[in-house]
Each structure stands twice: as structure tokens, then as C-alpha cells.
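The structure appears right after this line, and notes come after that.
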Amino acid sequence: MLLAALHSQNRSRPPVWLMRQAGRYLPSYQRYREKYPLRELFFTPELAAEITLLPVQELGVDAAILFSDITVTALPLGYSLHFSEGPILEKGGVIQGMESLQPIQQAIRLIKPRLKVPLIGFCGGPYTVASYMGGAAELLEPLLQTTLQYVAMQIEAGVDAIQIFDSWANELSEEAFKAYAEKYLQPIVAASSVPVILFMREAYKYIDTLVGMAPKAISFGWEKPLHELRSRVPMAVQGNLNPELLFQPLQEIRKEVQRLLFSMRGDSGFILNLGHGVKPGTPVDAVRCCIDTVKESVVGSDPCTR
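Just add 2 to wherever you are in the sequence shown, counting from 1, and you've got this note's numbering.
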């Protein structure tokens, strides 16, 4: 279903998965965090595999996304990674090259035989990862090279699609975006032999440039109605519920999900997701309500008449 939508060939209900669907809101994930530091979860293949599978097993999402972090492409360049409130990269680690990312490849190989839905791999956009490394422009080309190899490693291990998270590129002007984001995203999109989804905050600001890169899908935030952006996007679209919606009563969640479904009715290239990741503290029942509403939807049904 997801792969059909990525090729704009889906004839059934839209597929649904959520960014950060294996995250801090899940009690089962919290139990792992009580036992292990975050870095160990990312780089122990068996643990990363188990966490990747949690939302598929517990919530019934239509795709799994690899449990990892966007900043790992800095490690082959000799940066060390640890976590506080977020990822912290420090120069001076041992330069191990791409071997430092082999545990992630091993995790993919453990996950694939246990899945009946597609597995999405991912990477950080070079601009965004460089932002965590101090932001120097000279980091972009080395990061591009490690990212190309990292994506190839994931594809070789069996991922069905790749999502590129260039989360911080929205802070760039249109001219700067072309120089510091597009220039380093385009080769990644072009080199991938599996469908690529492009994600960034406020993607609508760069819509024509993103379309020109020819990914299989563009993931949008909630800033603009998705059906209004649709006419400018000749490939699949993903999004675009506000993560804050999941703190509302279940009836309101159901209504908003149905409204989005109705606005995108008949679209063979629509993937329902949030406009950003699931927030910590989000009620599990709210996430389940969102997913179940999509899975129970009647194609083309008007929520106002149900």
C-alpha cells in the first residue's frame, strides 16, 4: 500500500505511518529506555530492530521506519555522538569510516524478515546534520559523501524506501536553500534505487525546488492545507496533521483525520502522516485513534454525513 502510494498507484485507502512512531510516548519504548542509554539502543542491532517493530506490532501502522538518528552520518568523519535533550556531536572521535554505521545495517537485516509492511530507512540532509556539527559550509561535501554511502548501505540491507530529513533547511532563504540544501540533496535523491520522500519544516516555501529534485514524495507540515498544495506537486504527498491534534479528545482527532481524508479523497499518491514527529507525552490512545480512523475509512466518504 505504501509503495503503491509512493508510485501514485494506490487504489485503496491511504497508507498511514507516523514520524517518531517508535518514541517516548510508547510505554514499551520507555521500558527500553529505563534499561539502556539511547546511543546503545541505536547501535545495538537487536535492540534497534525490536524498537523499530514496536509500532507495527502495537498500533498496526502501514510501514516501519528504522529506529536511528539523523546525525549518525557525522560519525564516519570522526565525530562522537551522545545525547542530552537532543543529539550532541563533538569533533575528535576516532575516524572509523563507514564501519561505524555497520550496526545500523545489521539492524535492517534483522528487521526485514520480521515485517509484512515496508521498511523506511532514512538519513539527515547534509545541511541539517552540519547544523549539529557547528554549521560550517565545508562540512557539506564530506557529509554528502558519507550520506550517499549510508543510504546505499541501507538499500543493500533491504529498506524499501528512504526518507531524507532536512529539518533545519527551512531557515534558509530561497537563494541560500539552493546553495546549501538543494545542491546536496539532489545527488542523494538521484542515487537512490528505492523511492525517496523529502521532508523539511515549512516545505511549502520551497515547493517548486523540491518538485524539481524529483523525489517520489514530498512530506508537508500543517501550515497549509494539503489539498491546496496538491496541484503544484506531480508526485506523492505525505502529511500533514499537526502533532498537537493528538492531545485533543478522541472525537476531535477522529473528525480532523476524516476531514483530511475527505479533502484528499481519490488521490492515489496520498500518504497520511503528521507534519512532524509524535511528541513526547502524546497519549497512546490518541495515536491509535488516528491510525484506526484511517484504516477504517471509506474511500471518498464525507465526514459531515457519517
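Just so it is clear, CB atoms sit at the ideal spot from N, CA and C, and this is done for glycine as well. These numbers come from a predicted model, not from an experiment.
With DSSP run on the structure shown, which of helix, strand or coil describes residue i?
i, result
"residue 297", "helix"
"residue 82", "strand"
"residue 1", "Any answer about residue 1 is impossible in this case: the structure gives the chain only from 3 up to 308."
"residue 201", "strand"
"residue 47", "helix"
"residue 242", "strand"
"residue 219", "strand"
"residue 66", "strand"
"residue 12", "coil"
"residue 28", "coil"
"residue 303", "Residue placement at residue 303 is poorly supported in this model, since its pLDDT is 49, which falls under 50; the coordinates still yield a value, given next. Note: residue 303 maps to coil in three-state DSSP."
"residue 291", "helix"
"residue 251", "coil"
"residue 74", "helix"
"residue 20", "coil"
"residue 274", "strand"
Identify which residue in the options has its Cα closest to the Cα of residue i.
i, options, result
"residue 88", "129, 116, 26, 176", "26"
"residue 128", "216, 238, 5, 75", "75"
"residue 165", "132, 213, 200", "200"
"residue 168", "23, 212, 45", "212"
"residue 116", "47, 189, 234, 55", "55"
"residue 246", "282, 59, 86, 198", "282"
"residue 53", "221, 109, 86", "109"
"residue 187", "148, 156, 155", "148"
Can you round the beta-carbon distance between residue i and residue j to whole angstroms, since I take them to be within the 8 Å contact cut?
i, j, result
"residue 112", "residue 161", "Between residue 161 and residue 112 the Cβ distance is about 13 Å, and since that is not below 8 Å, they are no contact."
"residue 218", "residue 9", "7 Å"
"residue 223", "residue 242", "6 Å"
"residue 172", "residue 204", "4 Å"
"residue 289", "residue 248", "6 Å"
Alpha carbon to alpha carbon, what distance is there between residue j and residue i?
i, j, result
"residue 130", "residue 145", "10 Å"
"residue 13", "residue 37", "43 Å"
"residue 150", "residue 251", "43 Å"
"residue 67", "residue 18", "12 Å"
"residue 240", "residue 294", "18 Å"
"residue 101", "residue 42", "16 Å"
"residue 137", "residue 72", "15 Å"
"residue 291", "residue 259", "9 Å"
"residue 254", "residue 274", "17 Å"
"residue 6", "residue 271", "8 Å"
"residue 1", "residue 16", "Outside the displayed range of the chain (3 to 308) lies residue 1, so it cannot be described from this structure."
"residue 177", "residue 208", "10 Å"
"residue 91", "residue 175", "26 Å"
"residue 140", "residue 220", "27 Å"
Return the bridge partner residues of residue i from the DSSP annotation.
i, result
"residue 1", "There is no way to answer for residue 1, as the model of the chain reaches only from 3 to 308."
"residue 90", "84"
"residue 61", "Answer is none; residue 61 lacks a bridge partner."
"residue 1", "Since the first residue shown for the chain is 3 and the last is 308, residue 1 is missing from the structure and cannot be characterised."
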